[in-house]
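Engineer: Pasting a structure below so you can have a look.
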Amino acid sequence: MKRQTGIWIDSSKAIIVALDGDTEKITEIDSEVENSVHHNDEGNKGTFSGLHHGNSDKKFDDRKKQELNYFIKSVLSYVKKSDELIVFGPAQTKTKLEQKLMTDHLIEPGKLKVVETADKMTLNQIVEKVRRFYNPFEYKEPKP
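Structure, rendered in structure tokens:
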């Protein structure tokens, strides 16, 4: 049996649906990625040290990039054994995941079936989307 996996991902969490024959496993991974530039010292626009003015935006961007890379690596640890993979979600995180898969050769060519944009979805909607993608003949469209 093929292990078919679907990932709904944005910068706050990832929901992984793995279909393996008749079994279905759902895993949710919460992200530690900071999504706003609000800091405890809001209003402090950096520090002055003599003639040097230090800004925390660069540090924040670097930290956010590192946190996102760690999040993507933790998601990828769940899909290494997948035979087929689809990725969908509302934000740019899905394309960063796709780039990581391709540039690091973490998945064989042809195993990544699709990367598409999808809005916020409930858990049931995510599971149904993955099931419909891999088993389209099991679902019949309602007649008008």
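Oh and the sequence shown: position 108 is 108 in my numbering, straight run, nothing missing. Each residue gets a CB set at the ideal place from its N, CA and C atoms; glycine is no exception.
1) Would you mind sorting V87 into buried or exposed? The rule is 16 or more other CB atoms within 10 Å of its CB.
2) Along the chain, where does the beta strand (DSSP E) that runs through F133 open and close?
3) What's the C-alpha gap between L101 and W8?
4) Out of L76, F60, M121 and K120, which one is the CA nearest neighbour of Q99?
5) DSSP has G145 in a bridge; who is on the other side?
6) Is Q125 close to the ligand MN? I mean its beta-carbon at under 7 Å from any heavy atom of the ligand.
7) Kindly indicate which three-state DSSP category D83 falls into: helix, strand or coil?
8) Report all residues from its chain with a CB closer than 7 Å to the CB of K96; omit the five preceding and five following residues, and keep chain order.
9) Tell me the DSSP secondary structure of V17 in three-state form.
10) When burial is assigned at 16 or more other CB atoms within 10 Å of the CB, is F48 buried or exposed?
11) Is the beta carbon of S74 closer than 8 Å to that of K111?
12) Assuming contact is defined by CB atoms lying nearer than 8 Å, are T5 and I15 in contact in what I supplied?
13) Whole angstroms are fine: how far does the CA of K129 sit from the CA of D22?
14) Would you check if the distance between the CB atom of A166 and the CB atom of P90 is smaller than 8 Å?
Structural biologist: Quick look at the numbers:
1) buried
2) Element bounds for F133: not the beta strand (DSSP E) but the alpha helix (DSSP H), L123 to Y134.
3) 15 Å
4) L76
5) Within the shown structure, residues of the chain are numbered from 1 to 144, placing residue 145 beyond reach of any answer.
6) No copy of the ligand MN occurs in the structure displayed, which carries no ligand at all.
7) coil
8) L68 and I72
9) strand
10) For F48, the predicted structure reports a pLDDT of 49, less than 50, and the residue's modelled location is therefore unreliable. A value from the coordinates is still provided. Looking at its Cβ environment, which holds fewer than 16 other Cβ atoms inside 10 Å, F48 is exposed.
11) no
12) no
13) 16 Å
14) Since the first residue shown for the chain is 1 and the last is 144, residue 166 is missing from the structure and cannot be characterised.
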